[in-house]
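Have a look at the structure below before the remarks.
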Amino acid sequence: MSDNIDDYILGHISPEPEHLRRLYRRTHLRHLYPRMCSGHLQGRLLSMLASMVGPRRVLELGTYTGYSALCLAEGLAPDGQLHTVEIDDEMEDELLELFATAPGGDRITLHIGDAEKIISEIDETWDLVYIDANKRHYIEYLDLVMPRLRPGGFIIADNTLWDGKVTDTVKNHDQQTTALDRFNTYVASRPDLETVILPLRDGITLIRKKTHNLI
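Residues 346 to 560 in the working numbering are what the sequence shown lists, from first letter to last.
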């Protein structure tokens, strides 16, 4: 997408909330790999998707600096709660301070540790799951959350096109690329899932768990 089109889109969608604009800037000033932060366009998409679902329980795998968690929390049902999992314990104090002060942060519960372990420890039925953690474990994450995802529930998986590298895994045979390619193939092969890949940023996959009465 050209810079002109990118600028046009950002100028014609809902504005980025001020607290998220400040968070995005702070992420770029203080953290390594700031590209991992969702940003204006993806953040508004996550907020809208969550608002369309109106989830009571949301699980996020991969918090980073908290931008996507705050966006997803915007769409929670009135009694909704979001659980987010971050493996980097050095982020804990910063994230707790953010969620204590940012709009919607009081509805977010932070878990620090390995996502595969923590998924099994949280006794909830999920309406919406956002996967944006270790790319090499996307299949494992999916398999762990599926039994606790309600029928008709949604999974959003980020970075599934991996800057286009998944189209040539011979040339791009690093572990992240090959793992994401396996994940995409795995999801597409499952008859219990409906799947759409959006070519936005690094690729976003929307997954719906079919209800029992669907073929």
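The beta-carbon is built from N, C-alpha and C at its ideal position, and this holds for glycine as well.
Bear in mind the structure is a predicted one, so any value in this text is a computation, not a measurement.
ask   = By Cβ distance, which residues of its chain are closer than 8 Å to Thr451, with the 5 residues on each side in sequence left out?
value = Looking at the sequence itself, residue 451 is Asp, so the reference to Thr does not match. If we look at Asp451 and ignore the five residues flanking it on each side, its Cβ neighbours are Phe444, Ala445.
inquiry  = I believe Pro400 touches Ala422 by the beta-carbon criterion, under 8 Å. Please report the beta-carbon distance rounded to the nearest angstrom.
reply    = 6 Å
query = From this set, Tyr378, Arg371, Gly384, Asp459, which residue's C-alpha is nearest Ile358's C-alpha?
reply = Gly384
request  = Please confirm if the segment 425 to 435 is in contact with the segment 401 to 408, defined as three or more CB-CB distances below 8 Å between the two stretches.
outcome  = yes
message = Could you tell me the alpha carbon to alpha carbon distance between Leu494 and Asp352, rounded to whole angstroms?
response = Straight-line Cα distance between these residues: approximately 36 Å.
query = Is Arg546 near the ligand SAH, going by C-beta to nearest heavy atom under 8 Å?
reply = Looking for the ligand SAH in the displayed structure turns up nothing, as the structure carries no ligands at all.
task = Within its chain, find whatever has a CB closer than 6 Å to the CB of Asp348; leave out the 5 residues flanking it on each side and keep chain order.
result = none
message = In the DSSP output, which residue or residues are listed as bridge partners for Thr454?
response = In the DSSP output, where bridge partners are listed per residue, Thr454 has His428.
inquiry  = Among the candidates Arg366, Leu386, Glu363, Tyr378, whose CA atom is the shortest distance from the CA of Ile568?
reply    = As displayed, the chain neither begins before 346 nor continues past 560, which places residue 568 out of reach and without an answer.
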